[in-house]
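**Q** Chains as they are written, first to last, in our numbering: chain A, 1 to 109; chain B, 110 to 218.
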DNA sequence: GCGGACCATGTCGAATCCGACATATACTGT
DNA sequence: ACAGTATATGTCGGATTCGACATGGTCCGC
């Protein structure tokens, strides 16, 4: 499954644009991976912009530091639900969500 | 409050009929609910636009008709991961995703 | 070089979510 | 009335994801 390979994908430094070829994902799976990567990047940026530690964010969203670390690392055990929760918990708005999907990528799939 | 909307709000993990719970809904939770409702509406629209039945979509995404029905109904047991998978499986593009997030307010409780 | 932040990673029992199935309702066309 | 198609709803065993905890690494001010 794509989520199982997400972690390895990030560790190898691959960008979302090349994820499909590298992992032989279906189009839908590739798009889901892209969505997750965009959001985890946006979470890290939003959190740091607001001067929050992973522990701070974890407390805000009723979770733990280790899980926030996994969220930002693109760990396979993290759902899109939790990613989205974390994104909003940083203080990001729906407009910022839309911008995260709009001001996008260097390379299309 | 219509029963249909109460049912859909169970997607947020809500107990139907409790105004108190509604008032306690945090901003992040409310935004997550909005995102989910927008997407489930978009899925249904995209599926019907392309002339697919729930069974067709289920086969495309390796799931079952009953789960597709639950996705579109905003059932509490459906994750955002599955919603996003279904959205892309209808043939929707990332541009349509962005457009769905930019859609005007649909949640009127 | 120590103590204190901050972040990464592994593990685990419990909670949640999954596909699948059974079944019900509604709306066709025959 | 009947058969076929489409959608809705409840349930269940197994799979996935959860928060929590333990622990290790890195960096910095003291």
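C-beta: ideal position from N, C-alpha, C; glycine also. Everything numeric in this text was worked out from a predicted model, so none of it was measured.
Out of B:152, B:191 and B:154, state which residue places its alpha-carbon closest to the alpha-carbon of residue 171 (chain B).
**A** Here residue 171 (chain B) is taken as the residue at index 62 of the second chain, counted from 1. For the residues B:152, B:191 and B:154, the minimum Cα distance to residue 171 (chain B) belongs to B:191.
**Q** Quick check: is the beta carbon of residue 177 (chain B) nearer than 8 Å to any beta carbon in chain A?
**A** Reading the second chain from its first residue, position 68 is the one you call residue 177 (chain B). Chain A contact via Cβ: absent.
**Q** Nearest-angstrom Cα distance between residue 160 (chain B) and residue 66 (chain A)?
**A** Residue numbering aside, residue 160 (chain B) sits at position 51 when the second chain is read from its first letter. Residue numbering aside, residue 66 (chain A) sits at position 66 when the first chain is read from its first letter. Cα to Cα, the separation comes out at about 44 Å.
**Q** Using a Cβ cut-off of 8 Å (strictly closer), state whether residue 182 (chain B) contacts chain A.
**A** In the second chain, the residue the question calls residue 182 (chain B) occupies position 73. No, no contact with chain A.
**Q** Taking the alpha helix (DSSP H) that residue 61 (chain A) belongs to, which residues open and close that run?
**A** As a first step, residue 61 (chain A) must be located in the first chain, where it is residue number 61. Taken as a continuous stretch (DSSP letters only), residue 61 (chain A) belongs to no alpha helix (DSSP H), as it is neither H nor E.
**Q** Counting only beta-carbon atoms, is residue 130 (chain B) nearer than 8 Å to chain A?
**A** In the second chain, residue 130 (chain B) corresponds to position 21, counting from 1. Legend: pLDDT at residue 130 (chain B) = 48, less than 50; position of this residue unreliable, value from coordinates given subsequently. Cβ-Cβ to chain A under 8 Å: no for residue 130 (chain B).
**Q** The region 48 to 60 of chain A: which residues have C-beta closer than 9 Å to a C-beta of chain B, in chain order?
**A** For the region 48 to 60 of chain A, which is checked against every Cβ of chain B, the residues closer than 9 Å are 60.
**Q** Is it true that the region 192 to 202 of chain B meets the region 134 to 141 of chain B, where meeting means three or more beta-carbon pairs spaced less than 8 Å apart?
**A** Counting Cβ pairs under 8 Å, fewer than three are found: no touch.
**Q** By the three-class DSSP mapping on this structure, what secondary structure does residue 159 (chain B) have?
**A** The count along the second chain starts at 1 and reaches residue 159 (chain B) at position 50. Residue 159 (chain B) falls in the coil class under three-state DSSP.
**Q** Beta-carbon separation of residue 76 (chain A) and residue 68 (chain A) under 8 Å?
**A** Position 76 of the first chain holds residue 76 (chain A). Position 68 of the first chain holds residue 68 (chain A). Contact: no.
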